[in-house]
Amino acid sequence: MQSKYLVVFIAIMTLFLLLVGCGKHNTYQDIAGDWELVDNSDSSSCFEEMKFMVDPTSKFSPVSLHEKKENNVVRFLFGVYEYLSQEEIEVSLENPKADPFKMILSRDNNELTVQYEWDSAPLKCSYHLAENET
């Protein structure tokens, strides 16, 4: 009789653990999409555009950054990013190669505020999700 209760208890606990485990979801901010710089950003040194993609098979996901240079020339930078916490990612650029840097993120619907250091300058930039991404 005791073994019957033990089996039922184990079955209930297993079901509970499966449901709780399956109920876990990604607690990271969803930043996937094409983000365009808002005109009133704090700095003209901000990336003009940032595109975050998702690779569900890896902890690293692709990123494309667009940097406006002199004479309206745009330089494209490609690499990967990974979440360090819910509000922080680390970007590693591969083309051109650059030292990894961190971004602090704050998303509010279709608005994204990003703090990062680029070319030895601390930046705080505001972006909105591109129209084709909404």
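Each residue of the sequence shown is one higher than the one before, counting from 11 in this note's numbering. All residues carry an ideal CB built from backbone N, CA and C; glycine is no exception.
Residue i - DSSP class collapsed to helix/strand/coil
i	result
ILE20	helix
LYS61	strand
SER13	helix
GLU97	coil
ASN82	helix
Beta-carbon separation (whole angstroms), residue i vs residue j, contact threshold 8 Å
i	j	result
SER68	GLU97	Rounded, the Cβ-Cβ distance is 21 Å, inconsistent with contact.
SER53	LEU133	5 Å
Beta-carbon contacts of residue i that lie in its chain and below 7 Å, excluding the five residues immediately before and after
i	result
PRO66	none
VAL145	The question about residue 145 has no answer here: the residues shown for the chain are numbered 11 through 144.
Sequence-distant residues of the same chain with beta carbon closer than 8 Å to residue i, five excluded per side
i	result
ILE22	none
LYS79	ARG85
ILE99	ILE41, TYR91, GLU92, TYR93, LYS112, MET113 and LEU115
GLU104	PHE88, GLY89 and VAL90
ALA131	SER53 and SER55
Cβ neighbours of residue i in the same chain (closer than 6 Å, five flanking residues each side left out)
i	result
ALA140	ASP44 and GLU46
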